[in-house]
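Presented below is the structure to which this report refers.
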Amino acid sequence: MVDGAGKVLLAQRPPGKHLAGAWEFPGGKREPGEAPLAALARELHEELGILLQGAEPLIRVPWQYDDKSLLLDAWIVRAWANEPASLDGQALRWSDPWSVDIADLAPADRAILQALRLPATYAITPADIEPVDADFVGHLVRTALERGERMIQLRLPRWLPGQVRALAAAVLPDVRLHRAHVLLNGDIEGALALGDGVGVHLPARLARVVNERPLPWGQLVAASCHDADELAHATAIGADFATLSPVASTPSHPGSAALGWDRFQQWLEGAALPVYALGGMRLDHVNQARSLGAQGVAGIRGFWHSAA
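For what it's worth, full-length UniProt numbering labels the leading residue of the sequence shown as 1, then goes sequentially.
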């Protein structure tokens, strides 16, 4: 549930229950044969006393606890009647999604929080930009932030790590002003040094040798994935989100076989974290990607033209 100020409703699991004391998003189990939306309406009425007036799908999270397997089917609820009340005796609180300590949530609910936090688009800088054009890239990033982009990867393979860090430091005041994030490609140490607002995007070759989350919660960690096993590993190391590619053929990787939307959706169904479609994506692919369960789309070409 999301109110008009963008705050989300959390409930605390009561004593005596599995994961007692952990916070979670209100909801409950579907009855046999019950449609997801009908189950959501029933559970929210029984638990909070509200009447559901509309909802939209957010993310489906398969999760394995020691003694049980779950599939959390999360929806965003923005319209309801009646004031939410604690009918089961559970503590309730409204919180800004970015103020929630993710470690306080039940593990299966953490991907839901990340899906609420993350935008529908993820812009990646063109790879052919030279270090001499640092001022131009800074202009691109600031303009993108002004037009609404909230997550940008600085993927600049022709630059030295120190040059990319200097660029990130230069745009960081604007990034923080807009409550946005820039991610350094493969530079964990740089992200740690720069702190809040700077994350890391792990290329597949680096992600596969990382065995635990490399940054504190709050600094984003992303992973490039190309199959279901890499998506599972991204979840295991605590990544906040992943890209799955290539969905379609791209000029930058003409020899790579495209997944296509059907296989993309198939692998997405087993993913327990938000996933962006990457490879041949345009901004007008957002709705298609989200209809299949993705967080949105990521890309290079077509994501910067209006910022130039």
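For glycine and all other residues, C-beta sits at the position ideal for the given N, C-alpha and C. Treat the numbers as computed from the prediction; the structure is a model and nothing was measured.
(message) Going by C-alpha to C-alpha distance, which of Pro84, Leu10, Gly33 and Trp63 sits closest to Glu46?
(response) Here residue 46 is taken as the residue at index 46 of the sequence shown, counted from 1. Taking only the C-alpha atoms, the option nearest Glu46 is Pro84.
(message) Taking 8 Å as the threshold (beta carbon to beta carbon), is Ala144 in contact with chain D?
(response) Annotation note: the requested chain D is absent from the structure, which comprises a single protein chain.
(request) Work out the CA separation of Leu283 and Ala289 for me, nearest whole Å. (result) Walking along the sequence shown from the start, residue 289 turns up at place 289. Walking along the sequence shown from the start, residue 283 turns up at place 283. One C-alpha to the other measures close to 10 Å.
(request) Would you decide whether Ile300 is buried or exposed? Buried here means 16 or more other CB atoms lie within 10 Å of its CB. (result) Here residue 300 refers to the residue found at position 300 of the sequence shown. With 16 or more Cβ atoms within 10 Å of its Cβ, Ile300 is classed as buried.
(request) Flag this pair as yes or no: are the beta carbons of Ala232 and Ala248 separated by less than 8 Å? (result) Numbered from its first residue, the sequence shown carries residue 232 at position 232. Numbered from its first residue, the sequence shown carries residue 248 at position 248. Not closer than 8 Å, so no.
(request) To the nearest angstrom, report how far apart Ala91 and Ala5 are at their CA atoms. (result) As a first step, residue 91 is located in the sequence shown; it is residue number 91 there, counting from the start. As a first step, residue 5 is located in the sequence shown; it is residue number 5 there, counting from the start. Using only the alpha carbons, I get a separation of about 20 Å.
(request) With DSSP as the reference, label Ile59 as helix, strand or coil. (result) On the sequence shown, position 59 is the one that residue 59 refers to. In this structure, Ile59 counts as strand in the three-state DSSP scheme.
(request) Return the residue from the list Glu43, Met151 and Ala22 that minimises the CA-CA distance to Glu31. (result) Counting from 1 along the sequence shown, the entry for residue 31 is found at position 31. It is Glu43 whose Cα lies nearest to the Cα of Glu31.
(message) Taking 6 Å as the limit between beta carbons, can you name the residues of its chain near Leu281, skipping five residues before and five after?
(response) The residue you call residue 281 lines up with position 281 of the sequence shown. Looking at the sequence provided, one finds Met at residue 281 rather than Leu. For Met281, where only same-chain residues beyond five positions count, the Cβ hits under 6 Å are Val297 and Gly299.
(message) If the criterion is Cβ atoms closer than 8 Å, does the pair Ala115 and Pro216 meet it?
(response) Within the sequence shown, residue 115 is the residue found at index 115, counting from 1. Within the sequence shown, residue 216 is the residue found at index 216, counting from 1. Against a cut-off of 8 Å, the Cβ pair of Pro216 and Ala115 comes out as no contact.
(message) With a threshold of 8 Å on Cβ separation, who are the neighbours of Leu183 within its own chain once the five nearest residues in sequence on each side are excluded?
(response) Taking the first residue of the sequence shown as 1, we reach residue 183 at position 183. Contacts found: Met151, Ile152, Gln153, Leu154, Ala191, Val198, Gly199, Val200, His201, Leu220 and Ala222.
(request) Note down the Cα distance separating Gly279 from Leu160, rounded to an integer number of angstroms. (result) The count along the sequence shown starts at 1 and reaches residue 279 at position 279. The count along the sequence shown starts at 1 and reaches residue 160 at position 160. Cα to Cα, Gly279 sits roughly 25 Å from Leu160.
(message) Going by DSSP in three states, Thr125 sits in which element: helix, strand or coil?
(response) Counted from its first residue, the sequence shown places residue 125 at position 125. Coil at Thr125, not helix or strand.
(request) State buried or exposed for Val141, treating a residue as buried only when at least 16 other CB atoms are found within 10 Å of its CB. (result) Walking along the sequence shown from the start, residue 141 turns up at place 141. Under this definition Val141 is a buried residue.
(message) Applying the 10 Å Cβ sphere with the 16-neighbour rule, what's the burial state of Glu269?
(response) Mapped onto the sequence shown, residue 269 falls at position 269. It counts as exposed.
(request) Could you name the residues of the same chain whose beta carbon sits closer than 6 Å to that of Ser245, not counting the 5 residues immediately before and after it, in chain order? (result) Locating residue 245 in the sequence shown gives position 245, where the first residue counts as 1. Result list for Ser245: Leu278 and Gly279, in chain order.
(message) Cutting at 7 Å between CB atoms, please list the residues of its own chain near Val171, excluding the five before and the five after it.
(response) Walking along the sequence shown from the start, residue 171 turns up at place 171. These residues qualify, in order along the chain: Gly138, Val141, Arg142 and Val182.
(message) Classify Asn185: buried if its beta carbon has 16 or more other beta carbons within 10 angstroms, exposed otherwise.
(response) As a first step, residue 185 is located in the sequence shown; it is residue number 185 there, counting from the start. Buried, by the Cβ-count rule.
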